[in-house]
Structures are given as structure tokens and as C-alpha cells.
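Student:
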Amino acid sequence: MKKAGAEVVEDISIPSANENWNINVMIYEFKAAVETYLKTIDASIGLHTLNDLINGNRQIGKRALKYGQALFYQAEATSGQLTETAYLKSLVFDQKQSRENGIDAVMDEHNLDAIITPNNAGAMIPAKAGYPSITVPAGYTEAGEPVGMTFTASAYAESVLLECAYAFEQSTKYRRSPF
1 MKKAGAEVVE DISIPSANEN WNINVMIYEF KAAVETYLKT IDASIGLHTL NDLINGNRQI
61 GKRALKYGQA LFYQAEATSG QLTETAYLKS LVFDQKQSRE NGIDAVMDEH NLDAIITPNN
121 AGAMIPAKAG YPSITVPAGY TEAGEPVGMT FTASAYAESV LLECAYAFEQ STKYRRSPF
């Protein structure tokens, strides 16, 4: 990236990266999101709720349940309305820690356009913040497995993010056709 003209600040850390994160927000939002999606598919399929999906998976058996349904059960136990106090508290915590005490803090401190991490190592914090990220090819392991580089920008900085990722892709040409 330096060879391509980018100014690189190395070895930065996001202040809240070691926070005691949990998946509460995801659990609460999952039911609402799945049920919103299920309203868009053909009603004759018979899947209208998360509970319908859980029961359908049970009927299919091991083929559908290779990894179990623990998260589905946790999500089903919520109202799906996103009004529970536990959800709202977790959402406020996640957003403050990932935004103000996280990405925004490090980007402001170092005057950054983007944060770059290998593969998806840094994906959780921007996801909790609701900030844009993009992963592009960054090479291959000795076994030939692809390695990615994830670029994250601050809120509403998608254009900067796309410019950075595109410049990296064009300067490295790491992408190989899978065919």
C-alpha cells in the first residue's frame, strides 16, 4: 500500500477492542430480521415465523441441523419487537463502545481514512457500530487458500472505503478467478 502512495499508520489498536462483548443485540435482532424476510417469500412455502423455521429444521433433521439451532432458540425466546430493556441496554453499550470509544476514537486520534485488518479479524466492532466494511483479496496461503484484507471506514464514509479497497485491489491484483 505504501508503494501505491498510501500513508500507512501501523500498529494501532481500537481502545474498546478488549471489551467484554456479547451477542445479545444479534440474538434480539435475529428474530425480527428473519420474520421480516419471511414475509417477502412465497407464503405457500409455509415459513412465516422463526418458530416455523425451527420446526422445519427439526423435520429435515441432521441435514439442516449440522450446527444445531441454539441461536435460533435464544432468538425465539425474545418478543421480536426490539423493545426489551436488555436489548436496548446492550444496543446502547455496543454502539458507544464500538463507535465513540472504538472506531471513531482511533480514526480521530490518528487522522485515518480507513482501518485495515487481515481477513475478518476486525469485523465484529464495525458490525456492532453499523459502520461500513469491505473485504478484498490479499493473497493466498501456502495451501492455496485465499486471504483477505478488510477495510473499515467511519459512518457514511462508504465512498472513501470503496476508493481505498479499489486502489488496493488494482495495485496488488491478488484476485484469481476460481475457474
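Note that the sequence shown covers residues 1 to 179 in the UniProt record's numbering.
For every residue, glycine included, the Cβ atom is placed at its ideal position computed from N, Cα and C.
1. Counting pairs of beta carbons, one from the segment 63-70 and one from the segment 7-18, are three or more of them closer than 8 Å?
2. If distances are taken between C-alpha atoms only, which option among Ser-133, Leu-71, Ile-23, Ile-60 comes closest to Phe-93?
3. Smallest Cα separation from Gly-5: which of Phe-151, Ser-171, Phe-179?
4. Quick check on the DSSP output: the beta strand (DSSP E) that includes Gly-148 runs from which residue to which?
5. When the Cα atoms are used, what is the spatial distance from Lys-39 to Tyr-156?
6. Give the DSSP-derived three-state secondary structure of Pro-126 in the structure shown.
7. Taking the C-alpha atoms as reference points, what is the distance between Leu-47 and Arg-175?
Tutor: On the basis of the coordinates in this document:
1. no
2. Ile-23
3. Ser-171
4. In the DSSP assignment, Gly-148 falls within the beta strand (DSSP E) that extends over 146-152.
5. 29 Å
6. Helix.
7. 38 Å
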